[in-house]
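J.: In our numbering, the protein residues as written are 1 to 254. Supplied in C-alpha cells, the structure appears directly below.
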Ligand SMILES: NC(=O)c1ccc[n+]([C@@H]2O[C@H](COP(=O)([O-])OP(=O)(O)OC[C@H]3O[C@@H](n4cnc5c(N)ncnc54)[C@H](OP(=O)(O)O)[C@@H]3O)[C@@H](O)[C@H]2O)c1
C-alpha cells in the first residue's frame, strides 16, 4: 500500500484509511442495511487484517459511539497507527449535538486523549454540522485547536466540511481538510484542488456513498488517484472487504 505525506509536515499515511463509524455506532447512521456492532475479537482481527494489508490510518470521532474507546483499548502501545479524530459533535439519545465553543472543543480533546489512550492526538478535525463558515470563522474552535497544537496535545488540525465555501476556508487555515468524494458527488473537487495547490492534506469521506454504491473494482483506485487526494477513508467492519478494497487499489495503481 502506497504511503503519502499528510499535508506539509504531517505523518506518512496509507492511501486507504479505515473509517470506524461502524466500530461503535449503529443507530442514526445512513448505511443501506442495519448491522450489529462487531465483537472485540472481530475488531481485533479487523485491525490486524488492515495492518497486514498496509493500512496505518484510522479515522474516528467522539460521535461514533464507542469507537474511540474501543480503538484506544485495541491500539494501546502500538505507535504504528495514525489516528484522526474529531471534535464538535457528540451523539447521545439517538441524536447529534453540536458545540464548537472553545470549552467544548478543549473538553472533547481531553476526552479523546483519554479514550484513545494517547498523549498526543495525531490529527483533530472539526466535525462540522454543515454550518462550516460560522464554525471556522466565529466559534473560537479553530483558535482552540491551534492553541492545543502549540501546546503539543495535537499533531495536526483540520476540518471535516460539507460546503465548498467551508472547505476552501478550511484549506486556508488548517493542515488537513476532509471532504466527500464519490462516483455521484464530485462537488468538493474545487476544495481538493485548492488543498493541493496549498500543500494541505486531503482525506476523503464516504467514498462509496456510505455503502449506497457498489465497491466496483475501479472506484477506490480512481479516488486514490485523484489529484490532490492524500487518503481515502473507507468504512467497513468486514475484513474481506478490507482485503478486496486494498487489492483493488493496488491493481489500479500498478
Ligand atoms: N466527518 C464526517 O462528517 C464524516 C461523515 C461520514 C463519514 N466519515 C468518515 O468516513 C468514513 C467512510 O464513510 P462511510 O463509512 O460513511 O461510507 P463509505 O466508506 O462510503 O461506505 C461504507 C459502506 O460500504 C461498505 N463497503 C466497504 N467496502 C465494501 C466492499 N468491498 N464491498 C461491499 N461493500 C463495502 C461497508 O459495509 P461493510 O461494513 O459490510 O464492509 C459500509 O456499509 C466513515 O467511516 C468515517 O470515518 C466522516
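For each residue, glycine too, the CB sits at the ideal point set by N, CA and C. Quick caveat, the model's predicted, so the values are computed rather than measured.
(1) Taking its Cβ as the centre, do 16 or more other Cβ atoms sit within 10 Å of residue 104, making it buried, or is it exposed?
(2) Note down, one range per segment and in chain order, each alpha helix (DSSP H) of at least 4 residues found wholly within the segment 145-233.
(3) I want to know whether the segment 188-208 touches the segment 158-166 - three or more CB-CB distances under 8 Å.
(4) Pull up the CB-CB distance for residue 116 and residue 68, whole angstroms please, since I reckon it's below 8 Å.
(5) Name the two residues that bound the continuous beta strand (DSSP E) containing residue 89.
(6) Compute the minimum distance between the beta carbon of residue 97 and the heavy atoms of ligand 1, and state whether it is under 7 Å.
(7) Looking at the structure shown, is residue 77 part of a helix, part of a strand, or coil, going by DSSP?
(8) Give a single yes or no on whether residue 55 has its beta carbon closer than 7 Å to a heavy atom of ligand 1.
(9) If I measure Cβ to Cβ from residue 57 and keep anything under 6 Å in the same chain, skipping five residues before and after, which residues do I get?
(10) Use the C-beta contact count for residue 8: other C-beta atoms within 10 angstroms, 16 or more gives buried, fewer gives exposed.
(11) Please report how far the alpha carbon of residue 47 lies from the alpha carbon of residue 124, in whole angstroms.
(12) Three-state secondary structure (DSSP) at residue 66?
(13) What are the start and end residues of the beta strand (DSSP E) that includes residue 255?
(14) What do you reckon, is the C-beta of residue 208 under 7 Å from a heavy atom of ligand 1?
(15) Drop a sphere of 10 angstroms on the beta-carbon of residue 170, count the other beta-carbons inside from all chains shown, and report buried for 16 or more, exposed for fewer.
(16) Checking 8 Å against the spacing of the C-beta atoms, do residue 243 and residue 53 come in under that value?
(17) Considering only residues of the same chain and omitting the five flanking positions on each side of residue 206, which have a CB-CB separation below 7 Å?
(18) Between 121, 143 and 227, which lies nearest to residue 197 when the distance is taken from Cα to Cα?
(19) Should residue 68 be listed as close to ligand 3, given that the test is whether its C-beta is under 7 Å from any heavy atom?
(20) Quick one: Cα of residue 74 to Cα of residue 35, how far?
(21) Between the Cα of residue 106 and the Cα atoms of 31, 63, 77 and 86, which residue gives the shortest distance?
(22) How many whole angstroms separate the CB atoms of residue 121 and residue 154, which I take to be in contact at a CB cut-off of 8 Å?
T.: Answer, in terms of the structure:
(1) buried
(2) 164-173, 189-198 and 219-225
(3) Taking a cut-off of 8 Å on C-beta distances, the segment 188-208 touches the segment 158-166, as three or more cross pairs fall below it.
(4) 6 Å
(5) 89-92
(6) no
(7) coil
(8) no
(9) 13, 14, 17, 82 and 231
(10) exposed
(11) 21 Å
(12) DSSP, read as helix, strand or coil, puts residue 66 in coil.
(13) This structure does not reach residue 255, given that the chain is present from 1 up to 254, and the question cannot be answered.
(14) yes
(15) buried
(16) yes
(17) 180 and 182
(18) 227
(19) Within the structure as shown, ligand 3 is missing, the only ligands being ligand 1.
(20) 21 Å
(21) 86
(22) 5 Å
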